[in-house]
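Position 204 of the sequence shown, counted from 1, bears residue number 204 in full-length UniProt numbering, the numbering being contiguous throughout.
Step one of this worksheet: look at the structure below.
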Amino acid sequence: MEHIITDLFHRHGVLALAAERYGLSSDEVTLIGGFQNFVYEYERNGRACILRITPGSRRTVGAVKAELEWIQYLVSHGISASMPIPSAAGEWAEVIVTAEMFFTAVSFEKAHGQKANYPACLDDDALYEALGRITGNMHALSKKYKPEDSSICRLEWRQNDYLKDIDLLPPTHQRVKDNYSMMVEKLNQLPTDRDAYGLIHGDMGVGNFVMDGDGRITLFDFDEAQYSWFVEDIAIQLYYLVYVYGGDDGRALREDQARRFMRSFMKGYSLENTLSEQDLKQIPLFLMLRELIVYIGAFRNYDGDETFSSSDNQWFKDWIAESKVRLENNVPIVDIW
1 MEHIITDLFH RHGVLALAAE RYGLSSDEVT LIGGFQNFVY EYERNGRACI
51 LRITPGSRRT VGAVKAELEW IQYLVSHGIS ASMPIPSAAG EWAEVIVTAE
101 MFFTAVSFEK AHGQKANYPA CLDDDALYEA LGRITGNMHA LSKKYKPEDS
151 SICRLEWRQN DYLKDIDLLP PTHQRVKDNY SMMVEKLNQL PTDRDAYGLI
201 HGDMGVGNFV MDGDGRITLF DFDEAQYSWF VEDIAIQLYY LVYVYGGDDG
251 RALREDQARR FMRSFMKGYS LENTLSEQDL KQIPLFLMLR ELIVYIGAFR
301 NYDGDETFSS SDNQWFKDWI AESKVRLENN VPIVDIW
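Okay, structure coming up:
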């Protein structure tokens with residue numbers, strides 16, 4: 001599917017059409033990556049900006065517009081986040097239609113600051129506390145948030161784009177699929193009151209925020225924003241911090257790092273929002289959910305090839321092997337609760 005989307009994107013000249021909507025030519029933008037989207041950088045009035053083009057198979061136009069509304073709401077209430085930029089026609093989102101698929105183009109101010117330097121950030125308790133505070137503030141605002149346009153909204157957690165692709169896992173992964181079904185049963189039993197459940201960022205890894213010289217965090221990449229339990233936003237950050245450790249030695253390092261992160265993170269979080277002890281005890285469940293999402297993403301990126309023969313990244317292959325064992329046995333990457 002990934003190759004089909006990429007072929008359609010280039011065959012129909014979607015980049016040139018999207019760039020034109022923002023008063024640009026295709027040679028003024030530079031590809032900087034993206035996993036689910038095509039992401040480019042350009043300069044406008046001396047400031048770096050982002051052009052993101054999303055395939056319609058990944059997001060509806062309404063979901064993209066709901067993301068932009070959510071970002072604007074957060075910024076208007078004091079959260080530092082990368083703001084959307086309207087097109088030349090004054091539209092927040094531009095739709096490019098081809099015969100087979102539509103694409104939605106949006107633009108953002110590029111977040112100002114430096115990304116967290118990994119692995120140096122593993123010793124940065126001040127960073128963890130700052131992450132806790134901005135996450136807690138965002139969750140407190142989520143409790144009050146009501147979309148201005150009720151006809152557009154973000155998805156619920158169960159509609160996550162990766163979870164919908166679980167059948168990409170080969171027949172050898174039946175235990176993983178069965179355990180996911182049990183995971184869903186447990187999740188469906190959790191309370192969804194406004195103190196526990198709402199709109200979250202959904203992908204707050206170290207690559208999706210920057211810091212200025214004063215340690216102020218600016219968030220970006222809200223493309224995975226979804227309605228879920230607030231504690232999932234915490235589990236996601238913890239997962240991406242500790243999953244790099246591999247082998248027998250890595251297990252002890254993960255536990256120590258998890259304790260350090262949670263201690264400082266919750267110190268900041270509690271200044272802005274409160275979660276119950278019962279909520280926090282669900283973190284292992286959400287760690288397994290995040291691991292499954294990342295795992296499915298790996299298979300999707302390699303078109304379901306469970307040997308990953310085209311990869312020469314041994315760390316990646318080791319992680320895949322360890323991850324499969326955890327997912328088959330319902331074991332979270334860390335469990336300090």
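Beta carbons: idealized from backbone N, C-alpha and C, even for Gly.
Residues L8, H12, V14 of the same chain have their beta carbon placed closer than 8 Å to that of T98, with the five preceding and five following residues left out of the count.
G202 sits close to Q226, with the two beta carbons spaced by under 8 Å. The residue from V106, L24, Q189 with its alpha-carbon nearest to that of V61 is V106. With a threshold of 16 other beta carbon atoms within 10 Å, N273 meets it and is buried. Take I333, set aside five residues on each side of it, and the residues of its chain with a beta-carbon closer than 7 Å to its own are Y239, V242, Y243, R254, L287, E291, R326, in chain order. Going by DSSP, S264 is part of the alpha helix (DSSP H) stretching over 247-269.
Contact between the segment 259-274 and the segment 178-192 is not established, with fewer than three Cβ pairs separated by less than 8 Å. Between I217 and S82, the CB-CB gap reaches or exceeds 8 Å.
The residue from I166, I320, I53, R194 with its alpha-carbon nearest to that of G247 is I320.
Secondary structure of R52 (DSSP, three-state): strand. A straight line joining the alpha-carbon of K143 with that of R158 spans about 20 Å.
The residue from A196, N208, G207, G215 with its alpha-carbon nearest to that of S228 is A196. With contacts defined by Cβ atoms closer than 8 Å, M211 and Q114 form a contacting pair. Nearest in C-alpha terms to D223, of all of I296, K65, N45, is K65. Annotation for F38: the continuous beta strand (DSSP E) segment containing it runs 38-44. When secondary structure is reduced to three states using DSSP, G207 falls in the helix class.
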